[in-house]
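Undergrad: Handing you this structure, nothing more for now.
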Ligand code: GLU
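Residue numbers (the numbering used here): 107 to 376.
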């Protein structure tokens, strides 16, 4: 009998490490990147390194290099990149134009204060207020402050590989979110979808705090006609009081551990 070779998977696993170089990497990042790396290597995939450095006021090239040094110290390698979002503006611009042409986004001239005051419901836990939709049908704008995605009044569902089935209600769990700002360019939501789609990422591994953002991003995938990746949202690292590390100013930076002569942190497999 002829023994068959195992079939090569039709689509190769492609994952990514996507640090934001606006600060030192800390233990929370280390855990997420550990899982992203592990899942990719277990599947014989390719891992892309992408610096999410769009916020030019906060991101610094030396912090991107420091992140690479920290990743190597953790024993995590990558196969492609580094890519820098700041060098990919024309791609975001093209996709933004597509969203304008298809009517998925609209200009908004509300100030931050107006947005806060008119928000539909107190927004607990998630970073972006639920916008009341004041500018949805405004015929004229004196000054456009941003462009927002027109979020439908329906449920967005997805299967998270770590957290199980997820369900979010448009206009209740999240509202019309920002995709573009004049002068500044794309929001995180738009840039990350464009990059994950164009880099052919098949699985996104990131922190639990981004679950609602995944629901937003699924709407962008749909609007642009791209196939979304799979998602795996890892738990966040908290201190002994249950406070999220990223929220603390003294979050344990990996380089502090390294300078103290400690060994790289180890995480459990699951
Ligand atoms: N750059 C983001 C962060 O550092 C990660 C975004 C993502 O994984 O989609 O939190």
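We put the CB at the ideal spot given by N, CA and C, even for glycine.
#1: Out of 125, 312 and 369, state which residue places its alpha-carbon closest to the alpha-carbon of residue 159.
#2: Buried or exposed: where does residue 306 fall if 16 or more other Cβ atoms within 10 Å of its Cβ makes it buried?
#3: Do the segment 315 to 324 and the segment 332 to 341 touch if we need at least three Cβ pairs shorter than 8 Å?
#4: Helix, strand or coil, according to DSSP, for residue 333 in the structure here?
#5: Should residue 304 be counted as a contact of ligand 1 given a C-beta to heavy atom distance under 8 Å?
#6: Would you check whether ligand 1 has a heavy atom nearer than 8 Å to the C-beta of residue 294?
#7: Could you name the residues, in chain order, whose CB is less than 5 Å away from a heavy atom belonging to ligand 1?
#8: As a quick exercise: from 120, 147, 281 and 162, pick the residue whose alpha carbon is nearest that of residue 289.
#9: Check whether the Cβ atoms of residue 172 and residue 127 lie closer than 9 Å to each other.
#10: Residue ranges of each beta strand (DSSP E) run of no fewer than 3 residues wholly in the segment 154 to 209, ordered along the chain?
#11: Work out the CA separation of residue 169 and residue 291 for me, nearest whole Å.
#12: Would you decide whether residue 247 is buried or exposed? Buried here means 16 or more other CB atoms lie within 10 Å of its CB.
#13: Are the CB atoms of residue 327 and residue 283 within a distance shorter than 9 Å?
#14: Smallest Cα separation from residue 155: which of 140, 132 and 183?
#15: Flag this pair as yes or no: are the beta carbons of residue 130 and residue 329 separated by less than 9 Å?
TA: Judging by the given coordinates:
#1: Answer by Cα proximity: 125.
#2: Residue 306 is exposed by the Cβ-count criterion.
#3: yes
#4: coil
#5: No, ligand 1 has no heavy atom inside 8 Å of this Cβ.
#6: yes
#7: 124, 126, 158, 298 and 312
#8: 162
#9: yes
#10: Uninterrupted beta strand (DSSP E) stretches at least 3 residues long and entirely within the segment 154 to 209 occur at 186 to 190, given in chain order.
#11: 21 Å
#12: exposed
#13: no
#14: The residue from 140, 132 and 183 with its alpha-carbon nearest to that of residue 155 is 183.
#15: no
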